[in-house]
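Visitor: Protein chains in written order, with my numbering: chain D, 187 to 837; chain L, 187 to 837.
Where a beta carbon is used, it is the ideal one built from N, C-alpha and C, also for glycine.
The following block contains the structure, expressed as structure tokens.
Protein chains: 2
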Amino acid sequence: MIQSSGQKRVIITNVSPRVEEGRFPAKVVVNEDVTLSADIFSDGHDEIAASAYIKHADDTAWSEIPMTFVINDHWEAILKTGKLGFYDFKIEGWVDHYTTWKKGLKKKFDAGQDIAVELLIGIELLEEAAAHNVDDKASLLSWASQIKRLTDPKEAVALALSPDIAGVMYKHRHPELVTQFPVTYRIEVERLKAAFSTWYELFPRSAADGPGKHGTFKDVVRLLPRVAKMGFDVLYFPPIHPIGEKNRKGKNNSLTAGPDDPGSPWAIGNRLGGHKAIHPQLGTLKDFKSLIKEAEKLGVEIAMDIAYQCAPDHPYVKEHPQWFKWRPDGTVQYAENPPKKYEDILPFNFETEDWENLWQELKSVIDYWVDAGIRVFRIDNPHTKAFGFWQWMIGEVRTKNPEVIFLAEAFTRPRIMERLGKAGFNQSYSYFTWRNTKQELEEYLTELTKTEMRYFYRPNFWPNTPDILPPALTQGGDNAHITRVILAATLSSNYGLYGPVYEFGINAPHGAKEEYIDNEKYEIKNWDWNRYTRIGDIITRVNRIRKQNPALQTTWNIEFATTSNEQIICYVKTDKATHNNLVIAVNLDVFNTQGAHVKIPLPKLGIGYDEPYQVTDLLSGSTYQWTGDYNYVELNPYQMPAHIFKVEKIY
Amino acid sequence: MIQSSGQKRVIITNVSPRVEEGRFPAKVVVNEDVTLSADIFSDGHDEIAASAYIKHADDTAWSEIPMTFVINDHWEAILKTGKLGFYDFKIEGWVDHYTTWKKGLKKKFDAGQDIAVELLIGIELLEEAAAHNVDDKASLLSWASQIKRLTDPKEAVALALSPDIAGVMYKHRHPELVTQFPVTYRIEVERLKAAFSTWYELFPRSAADGPGKHGTFKDVVRLLPRVAKMGFDVLYFPPIHPIGEKNRKGKNNSLTAGPDDPGSPWAIGNRLGGHKAIHPQLGTLKDFKSLIKEAEKLGVEIAMDIAYQCAPDHPYVKEHPQWFKWRPDGTVQYAENPPKKYEDILPFNFETEDWENLWQELKSVIDYWVDAGIRVFRIDNPHTKAFGFWQWMIGEVRTKNPEVIFLAEAFTRPRIMERLGKAGFNQSYSYFTWRNTKQELEEYLTELTKTEMRYFYRPNFWPNTPDILPPALTQGGDNAHITRVILAATLSSNYGLYGPVYEFGINAPHGAKEEYIDNEKYEIKNWDWNRYTRIGDIITRVNRIRKQNPALQTTWNIEFATTSNEQIICYVKTDKATHNNLVIAVNLDVFNTQGAHVKIPLPKLGIGYDEPYQVTDLLSGSTYQWTGDYNYVELNPYQMPAHIFKVEKIY
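Structure below.
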């Protein structure tokens, strides 16, 4: 069977951005310049043209953006994302006979050939366009007759090449000759915070102003100025719900809790309520809403932790037994990873026949807290719940409230972490926590930023969490804490810390495990919130630098620079719109001073090889004048393990 | 809206092989082991299982091939292609509750935990399967009651883990829990020659046995034993049709032909006929069919050149003027690339409104020669004809005659050459002709064999053609001819030569152009077919080695080895089925002896690092005993620029 479109000669392929052939949208943020691109070509030597068409979900009509040729049959158009939500885009291409004729005419004229017949062909093209084009008919016929009348071929060629004619002829296409790429792809526009955020995690129950007391939301209000002053804009709490009393864990995850042990906040639910209730010792819903408002005044958003799992005494277990697995002996199935057992936690059974009600109920938890004013959720262990649920739930919530952000706390296998990003998570925990050497960091950042991942997986770099004390911090002490936070904050525009222990350099492990001993997960701490350490000071400086430098507000603009020493990593971050150019060099050896020649990619910074330029270290304030691409840096980890150089031309 | 399949927890992604998301089939050959693969995983810690389903176009039912886990959520199944034509395949995955239970049971038993309740769960699983499974009901119930009765937990565990139960339980799935990947992908199975062929190109008109005579098909019959003896299995002719007399080109592409000038065979058609006629001086259709048969007896296939273009006196121009472009002065549009003109050639206008008849007529040319016995076509300049036409035409021809092979003669931009492969061409000319350095060759072969291209673009390496005399051959003389043909013949399982000039080392260029002077395209040559050169001798040896070593009969099995000298390239080719392992080292410096340490990837050859092994140079017959992975080679381009080592274990 012959296809119905045999005259269409233009081919379109490799359309970008696309995620899994359009099964998922590509993620961008508002006011981002999104490059829509494709490989577009025709047989033969004819000129072609192409346009992208975009339509926001709120729009009724498609808007056309002409594409431009870049190199090797690659064409691009820039979409400036104006609104949150979904944009669809599609691509069309066609053989451009007028431009083909125009270029041939010019070459023949330049080669001194007779162009009389050529001009007749052009006149035919204009007249033919006029016959199909009501709006521009008069202009087209007028141009045709002008070319006819002009006796000087040079003038005729000049008129044929005029931009006015080009503009009108661009619009003139025969539908039967236009190739439409068969797939419409989707882009999801999220708010800026999805791409640029700075997280501080604390346990509200440890926020009291003295020992022996259970911290409250009101105590946290008192801490807000401190968090804001340090430059954090998301304050994230572990779950704030009633904590299970049955099979409650004691200190250091012991199987039996003492009478005063508060339990793990992730063992959710007891006789007082579940995922929509607040642990009474923290305060009331009113207190919580008031905290959200106070934080907002200081530019800080409160992020909640949602862990879809239940303590054995969670009300769901009695109200909806069909959402759990039951064993032949009549007991409920707790979480396990044989032979390990987690008796304080019951997982939901996502294969339940009552899955629709389960999904609706789980979604209603988010709805409840969105109504209370929360717009940022950190989701606990999303990789142990059905992927289909996430895709549906996040889609539903964001359709109504596109400003809601979901962070996936999944430290698991690569394909699973990728899928959660595709399913809609706006940010994801990452392997940064265990990437330490120069090669590891460069390879990981290259994978994140230069592959298809860039459009569905937005990393959030955490040097530590309440669950993870990586060996680098245990072994490297304060210096390592400083190096790792500088790396996190400058490699990724989203980063976060489990704050108090990090600031205070606490790093004693639980035996051979990569975990904190005397973990705050199982006990209330009494931090000295008035203490301000060298680590805290540098965190504050780095966060200020992030706010002041647009180049640090996106993760995708990184380019690594060659260095002469494997202990020194160097990378360039640039922001075209504001000409904000940074060169960052970090000593990865937290015990010894290291030096290296670094090769700055000057062309990327718009600086000539023999042009002097000024670099200002934003951490120390020192200024240097450099020339050429090779320059020497030396970094002492006991003083400051990094330079964050702002690079400026000297005029 | 909630999806209808909320209980399905398994995710399937990155299915391979697929070409442009299934818009084109993946190419393989008959009796090839095709790896069907996907990334497959579920949430949580449950075990999963997956199967591929395949169906040949002739089959009515799907066959199941269980997939096996490889690494990192990657699963594979092997499809052994038994028949020419199309196979469809699709992939399914499901949570495997029985295996999950079985593994947990074993771990708990090994850890000394009480497994009484666990065994009850397993019995439930077996009984539940029995309730849904008529065929295996009795066995399942019997196993369930055996487990119930066994008092020794060790025996119960052993029975639970038995392969018999595993086999039956593998078949037992709840459809509502099975994930089916939504796309069915297609594989096209071609005959072996599509992947392994050795081409010799000659002009039949130069086949006469003395000067001043026009060669004939009968003369070519006389040359067949010579071609076969040299190891070629495809003998390819430039077009054999009547040659245009209007605007005929003279010697060296001059604009005016003398009365005795035969013209270019690519200027097709005159008063005697067009694409379905034979130039009378070559012989009759009967002679041609007889030649095809004689060649077949010697294992040589005749390949025809199809150039879809017309001389100005081709009968089509009068019979189907609507297939050409006409200028306002009433003249027909010849081929041009302004300001250059090609007045002996008229292109078809693929935008003609009569395109359906044009397509049918062009296809009928292929049908005509297929009827005459031709099964291999070299298509001239396919990139100047509509891609849609190729896809349709090749599809139609191969549906009826899946053994037909089309070689795309396109030396143009990468995306265009790729698209021709996707459109159905079974082989493609390649950039090998201009890839000379070690880095160029390694990068190009890696692109061809390790990217998606492997499934849609099957390269054919030509060191020269009548159109192209590359600088390497002009500058490097006989030594370069030898080095380049050894590279072509061992890097690619499909390769070809424009034969006589190559064997005889003719390499005088046309001025600064990368073309032969006194080109056979425009004149009849009288070659001394009895001459046998050093180049010809080595070609013969290499072709024999190709026939005897399966490792050289596919292009996809290459792995490059590190060498200590950029002038020495080294690669390993292995064939698992026959344990045929080759190490090939070539000196790229055609003027000087070069030596290098080469690092043989011994694990790939199944040889231990301290195990002695024997290497036999198939070019010279010399045998060496080596140990370890680093070994020294030294190659003199005036003697033999390469080793083709066959590697064998010593027992």
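1) Taking only beta-carbon positions, decide if Ser-223(D) is within less than 9 Å of chain L.
2) Within the segment 713 to 762 of chain L, note down every full alpha helix (DSSP H) run reaching 4 residues or more, in order along the chain.
3) Taking the alpha carbon of His-667(L) as the point to measure from, which residue in Ser-237(L), Lys-266(L), Ala-828(L), Glu-529(L) has its own alpha carbon closest?
4) If you follow the beta strand (DSSP E) that Asn-767(D) is in, where does it begin and where does it stop?
5) To be precise: take each residue of the segment 295 to 311 of chain L, compare its Cβ to all Cβ atoms of chain D, and keep it if any distance is under 7 Å. Which residues remain?
6) Name the one or two DSSP bridge partners that Glu-487(L) has.
7) By the criterion of Cβ-Cβ separation under 7 Å, what are the contact partners of Pro-600(D) in chain A?
8) Using CA coordinates, which residue listed in Ala-675(L), Lys-608(L), Lys-699(L), Gln-625(L) is at the minimum distance from Thr-660(L)?
9) Three-state secondary structure (DSSP) at Ser-331(D)?
10) Please classify Arg-717(D): is it buried, with 16 or more other beta-carbons within 10 angstroms of its beta-carbon, or exposed?
11) Could you tell me how far apart the beta carbons of Tyr-386(L) and Val-413(L) are, in whole angstroms, since I believe they sit closer than 8 Å?
12) If you draw a straight line from the alpha carbon of Ile-464(L) to that of Thr-749(L), how long is it in whole angstroms?
13) Using 9 Å as the limit for Cβ to Cβ distance, is Gly-290(D) near chain L?
14) From the beta carbon of Gly-192(L), is the nearest beta carbon of chain D less than 9 Å away?
15) What residue from Ala-394(L), Thr-384(L), Ser-440(L), Asp-395(L) has the CA that sits closest to Lys-132(L)'s CA?
16) Only counting runs of 3 or more residues, tell me where the beta strand (DSSP E) segments fall wholly within the segment 784 to 821 of chain L, in order along the chain.
17) Quick check on Glu-604(D): does DSSP put it in helix, strand or coil?
18) For Leu-548(L), report the span of its alpha helix (DSSP H) as first-last.
19) Taking only beta-carbon positions, decide if Asp-374(L) is within less than 9 Å of chain D.
20) So, for Gln-613(L): in the same chain, excluding its five sequence neighbours on each side, which residues have a beta-carbon less than 8 Å away from its beta-carbon?
21) In the segment 646 to 713 of chain D, which residue ranges form an unbroken beta strand (DSSP E) of at least 3 residues, counting only runs that do not cross its ends?
22) Grouping DSSP H, G and I as helix and E and B as strand, with all else coil, what is Ile-478(D)?
23) Suppose contacts are defined by Cβ-Cβ distances below 9 Å. Is Gln-519(L) in contact with Asn-535(L) by that definition?
24) Verify the CB distance criterion: does Ile-830(D) have a CB-CB separation below 9 Å to chain L?
25) When Cβ atoms are compared, which residues of the segment 563 to 575 of chain D fall closer than 9 Å to chain L?
26) Taking the alpha-carbon of Leu-774(D) as reference, which of Ala-782(D), Phe-418(D), Asn-543(D) has the nearest alpha-carbon?
27) I want to verify the contact list: residues of chain D whose CB lies under 8 Å from the CB of His-231(L), in sequence order.
28) Starting from the C-beta of Lys-711(D), find all residues in its chain whose C-beta is less than 8 Å away, skip the five residues before and the five after it, and write them out in chain order.
29) Can you find a CB in chain L that lies within less than 9 Å of the CB of Thr-517(D)?
30) Please identify the residue among Ile-793(D), Val-833(D), Ala-493(D), Lys-437(D) whose C-alpha is closest to the C-alpha of Leu-804(D).
31) Under DSSP, the beta strand (DSSP E) around His-242(L) begins and ends at which residues?
32) For Glu-552(D) and Ile-226(L), I'd like the C-alpha separation in whole angstroms.
33) Would you kindly work out how many angstroms separate the C-alpha atoms of Phe-573(L) and Trp-280(D), rounded to a whole number?
34) Alpha carbon to alpha carbon, how far is Leu-326(L) from His-318(L)?
35) Who are the Cβ neighbours of Ile-301(D) in its own chain at under 7 Å, not counting the five residues just before and after it?
36) Taking the runs of the beta strand (DSSP E) that are 3 residues or longer, which of them lie wholly in the segment 198 to 269 of chain L?
Guide: This is what the structure holds:
1) no
2) 720 to 734
3) Ala-828(L)
4) 766 to 773
5) Ala-297, Gln-299, Val-303, Leu-306, Ile-307, Glu-310
6) Val-420(L)
7) Within the model displayed, chain A is absent; protein chains D and L are what it includes.
8) Lys-699(L)
9) helix
10) exposed
11) 5 Å
12) 52 Å
13) yes
14) yes
15) There is no way to answer for residue 132(L), as the model of chain L reaches only from 187 to 837.
16) 798 to 803, 809 to 813, 816 to 821
17) helix
18) 541 to 557
19) According to the sequence provided, residue 374(L) is Glu. The question's Asp does not apply to it. By this cut-off, Glu-374(L) is not an interface position.
20) Ala-380, Ser-383, Ile-591, Phe-592, Leu-593, Ala-594, Arg-644, Pro-645, Asn-646, Asn-680
21) 680 to 684
22) helix
23) yes
24) no
25) Pro-568, His-569, Thr-570, Lys-571, Ala-572, Phe-573, Gly-574, Phe-575
26) Ala-782(D)
27) Asn-523, Thr-570
28) Phe-389, Ser-392, Pro-686
29) yes
30) Val-833(D)
31) 234 to 242
32) It is Ile, not Glu, that sits at residue 552(D) in the sequence shown. Distance between the alpha carbons of Ile-552(D) and Ile-226(L) is about 29 Å.
33) 14 Å
34) 11 Å
35) Leu-291, Lys-294, Phe-295, Pro-339
36) 212 to 215, 219 to 228, 234 to 242, 249 to 252, 254 to 257, 260 to 266
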